[in-house]
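Trainee: Just so you know, the protein sequences line up as chains A and B, in that order. Position 174 (the first sequence) corresponds to 174 in the numbering used here; numbering is contiguous. Position 43 (the second sequence) corresponds to 272 in the numbering used here; numbering is contiguous. Pasting a structure here, questions to come.
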Amino acid sequence: MIKINNVTMKYKGAHSPAIKDINVDIDRGEFVFLVGPSGCGKSTFIRLLIRELIPTKGKIFIAGHDIANMRRGKVPQLRRNIGCVFQDYKLLPNKTAYENVAFALDVIGKPNRIIRAQVPEVLRLVGLEGKSESYPDELSGGEQQRVSIARAFVNRPAIILADEPTGNLDPATSGDIMSLFNKINRTGTTVLVATHDREMVDNMRKRVLALEGGTLIRDQQRGVYGYEE
Amino acid sequence: MSIRPFYFIKESFKSFSKNWIISMAAITTVTLSLLVLGFFMLVAFTVNNWMNMTERKVEIVVFLNDGVPAESVQSLQSEIMSWNDDVRKVTYVSKDQALERLKKEFKGSDMLSMIEGNPLPASFEISLKDPAKADEIVKRLKGRSEIESIRHDKQTVERLINFTKMARWVGVIFAGLLAFAALVLIANAIRLAIYARRREIAIMRLVGASNWFIRWPFLLEGIIQGLVGAVIAIAILSVIRAAIEDNVKRLLAFLPTGLPSQSYWQLTFALVIAGIMIGAAGSALALRRFLRV
Ligand SMILES: Nc1ncnc2c1ncn2[C@@H]1O[C@H](COP(=O)(O)OP(=O)(O)O)[C@@H](O)[C@H]1O
Ligand SMILES: [Mg+2]
């Protein structure tokens, strides 16, 4: 599903690359944690996968498409197949939970009939059936993150990418959010979660990719956050 | 890609209501620019129109000496007619015909009773294909024994030519400068609209809205601003045109004033297109600089 071949990414004007010669293969339906301290390149890694950044060297294949050499006009199609979740939720404050999710379908031209069917369904899936008319500022952090996950998942993408999705949440809520990702993963969706939440990673025993200074230092099945400490 | 005009128009109006001050400034500048362009074009067209009318009339009158034999008159006429690169038409007006005309023009006046005999000369009336050639023709005719004198409206014609040329240039330059200002202002209005919607844009990009879906509303907004500016300019222009035409008609009843309505519609159409182009160019500028998709 995701194939990363010898990818190096150096920001313009930066002294050293943020991602150094990384090779990773992620299969369809896998659940993967991307861990490492702040500044190790997790966000850069994710931005490369949605072609917000283009690698300086190497190739990235998503569902068989070489996305580094993809035509600009094809990028939207790529992104429709990848759902993204962020630490700061990125919800529109003047739209309700329902409207925030519907927006994602609306702007890719889905007909109203489909929007009316899929939005309530995905809101139920993330456990927000009673909150669809609430605005973001009427929702807790965990609930807002659920809206954002609903939005990422509503178009049934093959891949969900999450960049520190629990970074602003307390441990109990974080656990709920992680179970939600687990639930989504069980529908066959490939899930990649970047986090530095040690406890979470240790509890879930999923595949772990560990970055340090832009280098992939560990790729471990049923792994933990770190060996030492 | 789905194209939903209603969505785009709704978004454009929403954004306009948010940034209406800068949008009004942009529209006003478009109006001003097209007004200047339209006004000078109108003047140039009108003067051009006069010129075409006068061109069709006589430009050079060659008065003949009395008592020139008919054959000489004939051969001179043929010679002038043979310059058919420049000459459109040569009409011979005999002494009798000249008197007839005079009588007609001053019908009812008792001035004619003071004229004894026929003091009027016979003449050739020459109309030209290109009024700018008048000088040359006059030079060729000068000094002939058959000819008593030559009259032509050289200065009038030249002045008209220069005036229209100048009106066009002044109009184009002023309008160009104003159009540039309008373009920059529209770009600025669109920049603000993009900024106001940056969160939506970020999410649209993230969920894979197509590039044109994201750009369209802004392009449309710029085009609407240009179009509104053009429509206002055209409205003002038609008022100005009516006022001027009335006054000119009153003052110069004999001049063929005004424009054929076809030219007027062409001008209107050109202004609408110009407004749309300014708007589209302004948005395109803003989109290039501020909306990386
Ligand atoms: N836009 C940018 N321009 C230049 N350097 C950047 C940019 N974004 C991130 N970096 C640098 O790249 C490295 C990796 O950053 P990032 O991917 O955000 O790490 P993480 O998400 O793991 O905290 C850091 O050293 C950071 O300073
Ligand atoms: Mg980060």
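For every residue, glycine included, the Cβ atom is placed at its ideal position computed from N, Cα and C.
With distances taken Cα to Cα, identify the nearest neighbour of K371 (chain B) among B:A472, B:I289, B:S262, B:M253.
Mentor: Here residue 371 (chain B) refers to the residue found at position 142 when the second sequence is read from its first residue. Closest option to K371 (chain B), Cα to Cα, is B:I289.
Trainee: Ligand 1 and Y11 (chain A): does the residue's C-beta get closer than 7 Å to at least one heavy atom of that ligand?
Mentor: Stepping through the first sequence from its first residue, residue 11 (chain A) is reached at position 11. For ligand 1, at least one heavy atom lies less than 7 Å from the Cβ of Y11 (chain A).
Trainee: Between A418 (chain B) and S252 (chain B), what straight-line distance do the alpha-carbon atoms span, to the nearest angstrom?
Mentor: Locating residue 418 (chain B) in the second sequence gives position 189, where the first residue counts as 1. Locating residue 252 (chain B) in the second sequence gives position 23, where the first residue counts as 1. C-alpha separation (whole angstroms): 6 Å.
Trainee: Between K42 (chain A) and ligand 1, is there a pair consisting of the residue's CB and a ligand heavy atom that are separated by less than 7 Å?
Mentor: Residue mapping note: residue 42 (chain A) aligns to position 42 of the first sequence, counting from 1. Correct: K42 (chain A) has its Cβ closer than 7 Å to ligand 1.
Trainee: Following the continuous alpha helix (DSSP H) through G175 (chain A), name the residue where it begins and the one where it ends.
Mentor: Along the first sequence, read from residue 1 onward, the residue named residue 175 (chain A) stands at position 175. From DSSP, the alpha helix (DSSP H) with G175 (chain A) extends over 171-186.
Trainee: How about the region 412-428 of chain B and the region 248-264 of chain B: do they share at least three Cβ pairs that are nearer than 8 Å?
Mentor: At 8 Å Cβ cutoff, the stretches touch.
Trainee: Go through its chain and collect everything with a Cβ distance to L421 (chain B)'s Cβ below 7 Å, but skip five positions before and after it.
Mentor: For this step, residue 421 (chain B) is matched to residue 192 along the second sequence. Hits under 7 Å: N248, I251.
Trainee: Mind checking which residues open and close the alpha helix (DSSP H) that includes Y493 (chain B)?
Mentor: Numbered from its first residue, the second sequence carries residue 493 (chain B) at position 264. From DSSP, the alpha helix (DSSP H) with Y493 (chain B) extends over 490-519.
Trainee: Checking 8 Å against the spacing of the C-beta atoms, do G83 (chain A) and G188 (chain A) come in under that value?
Mentor: Taking the first sequence and counting its residues from 1, the one referred to as residue 83 (chain A) is at position 83. Taking the first sequence and counting its residues from 1, the one referred to as residue 188 (chain A) is at position 188. The answer is no: Cβ separation not under 8 Å.
Trainee: Express the C-alpha separation of G400 (chain B) and V501 (chain B) in angstroms, rounding to a whole number.
Mentor: Position 272 of the second sequence, counted from the start, is the residue given in the question as residue 501 (chain B). Position 171 of the second sequence, counted from the start, is the residue given in the question as residue 400 (chain B). Cα to Cα, V501 (chain B) sits roughly 17 Å from G400 (chain B).
Trainee: Excluding five sequence neighbours on each side, which residues of the same chain lie with their C-beta closer than 6 Å to the C-beta of A327 (chain B)?
Mentor: The count along the second sequence starts at 1 and reaches residue 327 (chain B) at position 98. Hits under 6 Å: L349.
Trainee: Assign D314 (chain B) to buried or exposed, taking buried as 16 or more other Cβ atoms, counted over all protein chains shown, within 10 Å of its Cβ.
Mentor: As a position in the second sequence, residue 314 (chain B) is number 85, starting the count at 1. That one is exposed.
Trainee: Could you check which residue in A:K90, A:D197, A:N94, A:R51 has the C-alpha nearest to that of G73 (chain A)?
Mentor: Counting from one through the first sequence, the residue named residue 73 (chain A) turns up at place 73. Of the listed residues, the one whose Cα sits closest to G73 (chain A) is A:R51.
Trainee: Nearest to L448 (chain B) by alpha carbon, out of B:M506, B:S301, B:L331, B:A299?
Mentor: Numbered from 1 along the second sequence, position 219 holds the residue referred to as residue 448 (chain B). It is B:M506.
Trainee: Counting Cβ pairs, one atom from each stretch, are 3 or more of them under 8 Å apart for the region 122-132 of chain A and the region 141-151 of chain A?
Mentor: Yes: at least three Cβ pairs fall under 8 Å.
Trainee: Tell me whether the beta-carbon of A104 (chain A) lies closer than 8 Å to the beta-carbon of V154 (chain A).
Mentor: Taking the first sequence and counting its residues from 1, the one referred to as residue 104 (chain A) is at position 104. Taking the first sequence and counting its residues from 1, the one referred to as residue 154 (chain A) is at position 154. Their beta carbons are under 8 Å apart, which means A104 (chain A) touches V154 (chain A) by this criterion.
Trainee: Is DSSP giving S132 (chain A) helix, strand or coil here?
Mentor: As a first step, residue 132 (chain A) must be located in the first sequence, where it is residue number 132. Of the three classes helix, strand and coil, the one that applies to S132 (chain A) here is coil, per DSSP.
Trainee: Counting only beta-carbon atoms, is E229 (chain A) nearer than 8 Å to chain B?
Mentor: For the purposes of this step, residue 229 (chain A) is taken as residue 229 along the first sequence, with counting starting at 1. Bear in mind that the predicted position of E229 (chain A) carries a pLDDT of just 48, short of 50, making it unreliable; the figure below should be weighed with that in mind. Output row for E229 (chain A): interface = no.
Trainee: Can you check which of these residues, A:Y89, A:S38, A:G223, A:I46, is closest to R79 (chain A) by C-alpha distance?
Mentor: Position 79 of the first sequence, counted from the start, is the residue given in the question as residue 79 (chain A). Answer by Cα proximity: A:I46.
Trainee: What's the C-alpha gap between A102 (chain A) and L407 (chain B)?
Mentor: As a first step, residue 102 (chain A) must be located in the first sequence, where it is residue number 102. As a first step, residue 407 (chain B) must be located in the second sequence, where it is residue number 178. Whole-angstrom Cα-Cα distance: 43 Å.
Trainee: Please classify S352 (chain B) as buried or exposed, where buried requires at least 16 other C-beta atoms within 10 Å of its C-beta.
Mentor: On the second sequence, residue 352 (chain B) is found 123 positions in, with the first residue counted as 1. Counting Cβ neighbours within 10 Å, S352 (chain B) comes out buried, since at least 16 surround it.
Trainee: Comparing the C-beta of R80 (chain A) with each C-beta of chain E, is any distance below 8 Å?
Mentor: Absence of chain E from the displayed structure is noted, the protein chains being A and B.
Trainee: Using a 10 Å radius around the Cβ and a threshold of 16 neighbouring Cβ atoms, would you call N182 (chain A) buried or exposed?
Mentor: For this step, residue 182 (chain A) is matched to residue 182 along the first sequence. Exposed, by the Cβ-count rule.
Trainee: Over what stretch of residues does the alpha helix (DSSP H) that includes V101 (chain A) continue unbroken?
Mentor: Residue numbering aside, residue 101 (chain A) sits at position 101 when the first sequence is read from its first letter. Looking at the DSSP string, the run of the alpha helix (DSSP H) that includes V101 (chain A) is 97-106.
Trainee: Using the three-state DSSP reduction, which class does E52 (chain A) fall into: helix, strand or coil?
Mentor: In the first sequence, counting from the first residue as 1, residue 52 (chain A) sits at position 52. Looking at E52 (chain A) - three-state DSSP - the assignment turns out to be coil, as it is neither helix nor strand.
Trainee: Do L139 (chain A) and A172 (chain A) come within 8 Å of each other at the CB atom, strictly closer than that value?
Mentor: On the first sequence, residue 172 (chain A) is found 172 positions in, with the first residue counted as 1. On the first sequence, residue 139 (chain A) is found 139 positions in, with the first residue counted as 1. Cβ distance not < 8 Å, so A172 (chain A) and L139 (chain A) don't count as in contact.
Trainee: Please list, in chain order, the residues of the region 37-64 of chain A that have any C-beta partner in chain B closer than 9 Å.
Mentor: Listed in sequence order: I50, E52.
Trainee: What is the DSSP secondary structure of I60 (chain A), counted as helix, strand or coil?
Mentor: Mapped onto the first sequence, residue 60 (chain A) falls at position 60. The answer is strand: DSSP assigns I60 (chain A) an E or B state.
Trainee: Consult DSSP for L192 (chain A) and reduce its assignment to one of helix, strand or coil.
Mentor: Residue numbering aside, residue 192 (chain A) sits at position 192 when the first sequence is read from its first letter. It is a strand residue.
Trainee: Taking only three categories from DSSP, how would you classify I344 (chain B)?
Mentor: On the second sequence, residue 344 (chain B) is found 115 positions in, with the first residue counted as 1. Residue state, collapsed to three classes: coil.
Trainee: Could you pull out every residue in the same chain whose Cβ sits closer than 6 Å to the Cβ of S43 (chain A), ignoring the five residues on either side in sequence?
Mentor: Stepping through the first sequence from its first residue, residue 43 (chain A) is reached at position 43. Correct list, in chain order: D163.
Trainee: Assess, as a yes-or-no matter, whether the region 1-18 of chain A is touched by the region 58-77 of chain A under the definition of 3 or more beta carbon pairs within less than 8 Å.
Mentor: Counting Cβ pairs under 8 Å, three or more are found: they touch.
Trainee: In three-state DSSP terms, what is V224 (chain A)?
Mentor: Sequence index remark: in the first sequence, residue 224 (chain A) carries index 224 (1-based). Note: V224 (chain A) maps to coil in three-state DSSP.
Trainee: Output the distance between the C-alpha atoms of E375 (chain B) and L263 (chain B), rounded to the nearest integer angstrom.
Mentor: In the second sequence, residue 375 (chain B) corresponds to position 146, counting from 1. In the second sequence, residue 263 (chain B) corresponds to position 34, counting from 1. The alpha-carbon atoms of E375 (chain B) and L263 (chain B) are separated by roughly 55 Å.
Trainee: Could you tell me if E450 (chain B) is buried or exposed, where buried requires 16 or more neighbouring beta carbons within 10 angstroms of its beta carbon?
Mentor: Translated into positions along the second sequence, residue 450 (chain B) becomes position 221. Buried, by the Cβ-count rule.
Trainee: With 16 other CB atoms within 10 Å as the buried threshold, where does Y225 (chain A) fall?
Mentor: By 1-based counting over the first sequence, the position of residue 225 (chain A) is 225. When all chains shown are included, Y225 (chain A) counts as buried.
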